[in-house]
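Residues are numbered in this note's numbering as their position in the sequence shown, beginning at 1, plus a constant of 759. Here a beta-carbon is modelled for each residue, glycine too, at the ideal position from N, C-alpha and C. Since the model is a prediction, treat every value here as computed from it, not as a measurement. Working notes for the structure below.
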Amino acid sequence: MSFSLNKTFIVNEFLLLLKSFRAHHWIKNLFLFIPIFFAGEIFNFSKLIDVIVGVIAFCLIASGVYIFNDLFDLKFDRKHPEKSKRPLASGNLSKSTAIAGFITIVAMGLILAYLLEIKFFIMLCIYFAINIAYSIALKNVSILDVGLIAIGFVLRIKAGGALAAIYVTEWLNIMVFLLALFMAMGKRRDDLIIKSSRGTDIRSSINGYNLQFLTTSMTVILSITLVSYLMYMMSPATLIKFGTHRLYYTFLFLMGGVLRYLQIIYLDKKSGSPTLILYKDRFIQVCILLWVISYTFIIYFPDFSILK
């Protein structure tokens, strides 16, 4: 009976630990594929395999960061209507198990990265160090907190570029940074609404924001992002590189997805996690799918594209 109870406890702890990995957030690491996709080399299988392995390493490190963050954010997570349900915040997962899981998964990710490519390993270490500093203190500094989140996405595309030996252009760095900053601002807006409704702070940095500031900031950032995207799509360098000026057609689907996201934030007032919105909202999913399909046909199959 004792052995059976211990076995059940171990299995439950393991399952709760897996839940703490937040595998649904691994979709963010698909940003590593952006450089090879935009470079028109997605069908270069030797490079593609390296990027896939790199995504696995990034997922391991990201999950380690999530566990570390949960350990240091228990006070605020327990006040959050959704985060309070997490294994650690709810008290269902022991801290000792979480710490052991953190050490194991981070070690696995770093070893895999080191064996894969040294530049990638260095970028992954930088990402890890920034996020540890973020969890310990920097998340409490308004503006800096969302800026570091955006930098994390830039590191993802630069890591993907390092794995595929592809130069990541300034345009791509700018667009990814701004888009991630816009999404982070949207998340802070949701945090502010939760604070107003519950009357309690769910994170220290939220005191440096209000709805007017966030709404204005999001408007400015989004405007610059969309203009940057159009300028890149229609730039002479892009025309020479891909041999077509039709890439601006893809803007239609980008704009549709952005407008739907704004509709969710301002009309439905259900901003929440951008990742969860991506999983749930069919309109945004269709826009992303059409964007990928149109871009793929224009770049990879120009002779068959009806958009040429």
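Spanning the alpha carbons of Ile1057 and Lys806 requires a straight line of approximately 21 Å. Assignment of His1004 by DSSP, reduced to helix, strand and coil, places it in the coil class. Remark: fewer than three beta-carbon pairs, one from each stretch, lie closer than 8 Å, so the segment 836-855 and the segment 863-878 are not flagged as touching. For the 8 Å CB-CB criterion, Tyr1020 and Met934 do not form a contact. For Met993, the three-state secondary structure derived from DSSP is coil. Counting only residues of its own chain and dropping the five nearest sequence neighbours on each side, Ile870 has no CB closer than 7 Å to any other CB.
Proximity of the segment 1031-1043 to the segment 1000-1019 meets the contact definition, three or more beta-carbon pairs being nearer than 8 Å. For the 8 Å CB-CB criterion, Val905 and Arg947 form a contact. Contact annotation: Val927 and Pro794 have beta-carbon atoms nearer than 8 Å. Contiguous alpha helix (DSSP H) elements confined to the segment 908-970 occur at 929-957, taking only those with 4 or more residues. Taken atom to atom, the span from the alpha-carbon of Val979 to that of Leu970 is near 14 Å. In the same chain as Val824, and ignoring 5 residues on each side of it, the C-beta atoms closer than 6 Å to its own belong to Asn890, in chain order.
Look at the beta carbons and you see the segment 902-918 not touching the segment 765-781: under three pairs across the two are nearer than 8 Å. Residues Ser901, Arg947, Asp950, Leu951 and Lys954 of the same chain have their beta carbon placed closer than 8 Å to that of Ile965, with the five preceding and five following residues left out of the count. Rounded to the nearest angstrom, the Cβ distance from Pro1033 to Met942 is 4 Å, consistent with a contact under 8 Å.
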